[in-house]
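In what follows, a single structure is set out as structure tokens and then discussed.
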Amino acid sequence: MHVICARDQLAEAMGQVSSIVNQRSTNPITQNVLLIADKNGLEVRATDLELSLKRTLSEVETKKPGKCLVAASLAGNLLRDIRAETVELSVDGSTVSMKAGRDRFELTSADPEEFPKLPEVGSDADLKLKGADFANAIRKVGRSIAQEKGRYALNGVLLEPRKNGLEFCGTDGRRLGYCKVSAKGKEVGYQVILPRRGYDLISKVIGNDADMVLKLSENRVLAVVDGTEVGVQLVEGQFPDYRSVIPGDLDKQLTISTEDFRLALNKARHLTSVESQAVRLEISKGELTLRSRSPAQGQAEVKVEIEYDGQDTVLGFDPQYILQGLDGFDSDKVTVEFKDKDTGAVMHSGEKEKFYYLVMPIDI
Numbered sequence: 001m002h003v004i005c006a007r008d009q010l011a012e013a014m015g016q017v018s019s020i021v022n023q024r025s026t027n028p029i030t031q032n033v034l035l036i037a038d039k040n041g042l043e044v045r046a047t048d049l050e051l052s053l054k055r056t057l058s059e060v061e062t063k064k065p066g067k068c069l070v071a072a073s074l075a076g077n078l079l080r081d082i083r084a085e086t087v088e089l090s091v092d093g094s095t096v097s098m099k100a101g102r103d104r105f106e107l108t109s110a111d112p113e114e115f116p117k118l119p120e121v122g123s124d125a126d127l128k129l130k131g132a133d134f135a136n137a138i139r140k141v142g143r144s145i146a147q148e149k150g151r152y153a154l155n156g157v158l159l160e161p162r163k164n165g166l167e168f169c170g171t172d173g174r175r176l177g178y179c180k181v182s183a184k185g186k187e188v189g190y191q192v193i194l195p196r197r198g199y200d201l202i203s204k205v206i207g208n209d210a211d212m213v214l215k216l217s218e219n220r221v222l223a224v225v226d227g228t229e230v231g232v233q234l235v236e237g238q239f240p241d242y243r244s245v246i247p248g249d250l251d252k253q254l255t256i257s258t259e260d261f262r263l264a265l266n267k268a269r270h271l272t273s274v275e276s277q278a279v280r281l282e283i284s285k286g287e288l289t290l291r292s293r294s295p296a297q298g299q300a301e302v303k304v305e306i307e308y309d310g311q312d313t314v315l316g317f318d319p320q321y322i323l324q325g326l327d328g329f330d331s332d333k334v335t336v337e338f339k340d341k342d343t344g345a346v347m348h349s350g351e352k353e354k355f356y357y358l359v360m361p362i363d364i
């Protein structure tokens, strides 16, 4: 193999595979990246058997077709420090030579035939959508998934294809995020639960205006984005029927400035205790009072103007959960629908069918 390629393009590809390659893997061969050169360019492949990435680089001059393995971490570090516009790669037996300007590096390589084949995805359904919509939906709901290992299905985001859309849901049982975006495809008869590492990698390779295709099967998803393919092994388990826990009898609602709400919660949470991460919300006509208390440090009282004309109500929440929900809102104002101290509150910006965030109250 002998190629000359643009350094920045190869460095970007190496940066993308960095989240796949596990230096502590029990299979050392997967700590490498497979490079395949042909008349179409240079193909970069990486996998840890759960995630995989295949990207074809176009800014390449192929002098001799072939393939080789390079250590992903080492090559990535070198490419970050190299300042030459192009990098020349050539193979001689078990050595890969990398030339950049006046610099030359000789990297010991393994047999490329030992590199595992990337899993094939037998697509039952293709979903076509905008990459920016996918990334935005993940931003809105991804923080709601369970962090504790062993929660299985809750350790990922549920994707539910509809005839004219794609629905996303993430929950850990204490809060829940839901988002729906436009997409073309069809429904499937199984659950599609993407793990965090999978949707993070897909979001990482999405261009600002790129369209994407999600190829679905029962145990894998293949995301095709502008010449890059990301394969993801799905989370096993049964995602709960989240719609059954969305309260339908919320009889009160307030509207508040998103930024004012964020600032007030941040102020109040500084005086919560380790034992009780709780903020008391006292809701009255035109005003929201946030109270918190730390036995060791003191207490806080923060007042914010709101649009509300209902009965006085007192609720308690973990402020961090609400703050993470607010991160998903791009609107100036947010509406909070609620009922009582035992019922979850739903936050939205007026288009609940497109995005909402449910957070459960806590005792105060």
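Quick note: the sequence shown, position 24, residue 24 per the numbering used here, numbers continuous. Glycine residues also receive a C-beta, built at the ideal position from the N, C-alpha and C atoms. Remember, predicted model here, so these are calculated numbers, not experimental data.
Among 50, 40, 165 and 30, the one whose alpha carbon lies nearest that of residue 70
With distances taken between Cα atoms, residue 70 lies closest to 30.
Following the continuous beta strand (DSSP E) through residue 291, name the residue where it begins and the one where it ends.
Segment 287 to 294, the beta strand (DSSP E) holding residue 291.
Below 7 Å CB to CB, which residues in the same chain sit around residue 61 once its five sequence neighbours on both sides are set aside?
These residues qualify, in order along the chain: 3 and 4.
To the nearest angstrom, how far is it from the Cα of residue 327 to the Cα of residue 288?
Distance between the alpha carbons of residue 327 and residue 288: 20 Å.
Tell me, please, which residues DSSP counts as bridged to residue 105.
Residue 105 pairs with 98.
Between the C-alpha atoms of residue 114 and residue 217, what's the straight-line distance to the nearest angstrom?
Between residue 114 and residue 217, the C-alpha separation is close to 27 Å.
From this set, 152, 348 and 28, which residue's C-alpha is nearest residue 178's C-alpha?
When each option's Cα is compared against that of residue 178, the closest is 348.
Contact set for residue 314: own chain, Cβ-Cβ below 6 Å, skip 5 residues either direction:
282, listed in sequence order.
Exposed unless 16 or more other CB atoms sit within 10 angstroms - verdict on residue 27:
Burial call: exposed.
Please classify residue 190: is it buried, with 16 or more other beta-carbons within 10 angstroms of its beta-carbon, or exposed?
It counts as exposed.
In angstroms with no decimal places, state the Cα-to-Cα distance between residue 354 and residue 180.
Taking the straight line from one Cα to the other gives about 5 Å.
Grab me the residues of residue 19's own chain with a C-beta within less than 6 Å of its C-beta, minus the 5 sequence neighbours each way, in chain order.
Excluding sequence neighbours, residue 19 sits near 201.
Between the CA atoms of residue 146 and residue 154 - distance to the nearest angstrom:
Cα to Cα, the separation comes out at about 5 Å.
Is residue 266 helix, strand or coil when you go by DSSP?
If DSSP states are grouped into helix, strand and coil, residue 266 belongs with the helices.
Neighbour-count burial assignment, residue 78, 16 or more Cβ in a 10 Å radius
The residue is buried, with at least 16 neighbouring Cβ atoms inside 10 Å.
On the criterion of 16 or more Cβ atoms from any shown chain inside 10 Å, does residue 10 qualify as buried, or is it exposed?
Classification of residue 10: buried, given that the 10 Å Cβ count is 16 or more.
Return the chain-ordered ranges of every beta strand (DSSP E) run that is complete within the region 203 to 258 and spans a minimum of 3 residues.
211 to 216, 220 to 225, 228 to 233 and 252 to 257, all fully within the region 203 to 258.
Check whether the region 270 to 281 touches the region 244 to 255, taking contact to mean three or more Cβ pairs, one atom from each stretch, closer than 8 Å.
Put simply, the region 270 to 281 does not touch the region 244 to 255. Fewer than three CB pairs are less than 8 Å apart.
When you compare each of 226, 341 and 67 to residue 110 by their alpha carbons, which one comes out closest?
Ranked by Cα distance from residue 110, the first of 226, 341 and 67 is 67.
List the DSSP bridge partners of residue 355.
In the DSSP output, where bridge partners are listed per residue, residue 355 has 179.
Check each candidate in 48, 7, 39 and 230 and name the one with the smallest Cα separation from residue 24.
Comparing Cα-Cα distances from residue 24 to each of 48, 7, 39 and 230, the minimum goes to 48.
In the DSSP assignment, the alpha helix (DSSP H) including residue 138 goes from what residue to what residue?
Note, residue 138: alpha helix (DSSP H), 131 to 141.
When we look at the beta-carbon of residue 64 and count the other beta-carbons within 10 Å, is it buried (16 or more) or exposed?
Exposed, because fewer than 16 other Cβ atoms sit within 10 Å of the Cβ of residue 64.
Keeping to the same chain, check which residues put their C-beta closer than 7 Å to that of residue 205; ignore five residues upstream and five downstream.
Only residues of its own chain outside the window of five on either side were considered, and among them 16, 225, 228 and 230 have a CB closer than 7 Å to the CB of residue 205, listed in chain order.
What residue does the alpha helix (DSSP H) around residue 12 start on, and which one ends it?
Residues 7 to 17.
Residue 182 and residue 129 - do their beta-carbons sit closer together than 8 Å?
Yes, Cβ-Cβ distance for residue 129 and residue 182 is below 8 Å.
Kindly indicate the opening and closing residues of the beta strand (DSSP E) around residue 193.
Looking at the DSSP string, the run of the beta strand (DSSP E) that includes residue 193 is 192 to 195.
Can you grab the Cα-Cα spacing for the pair residue 293 / residue 299, in whole Å?
Going by the C-alpha atoms only, they are around 4 Å apart.
Quick check: what's the CA-CA separation for residue 258 versus residue 53?
When the Cα atoms are used, residue 258 and residue 53 turn out to be separated by approximately 38 Å.
Per the DSSP calculation, residue 32 is bridged to which residue(s)?
Residue pairing from DSSP places residue 32 in a beta bridge opposite 71.
Compute the distance between the beta-carbons of residue 207 and residue 126, then report whether it is under 8 Å.
Cβ atoms of residue 207 and residue 126: not closer than 8 Å.
Contacting residues, own chain, Cβ-Cβ under 6 Å from residue 255 (five flanking each side not counted):
Same-chain partners within the cutoff: 307, 333 and 335.
Whole-angstrom C-beta distance between residue 280 and residue 323, which should lie under 8 Å
About 16 Å separates the two Cβ atoms, so there is no contact after all.
Pull the bridge partners of residue 3 from the DSSP assignment, please.
When beta bridges are read from the DSSP output, residue 3 appears opposite 62 and 89.
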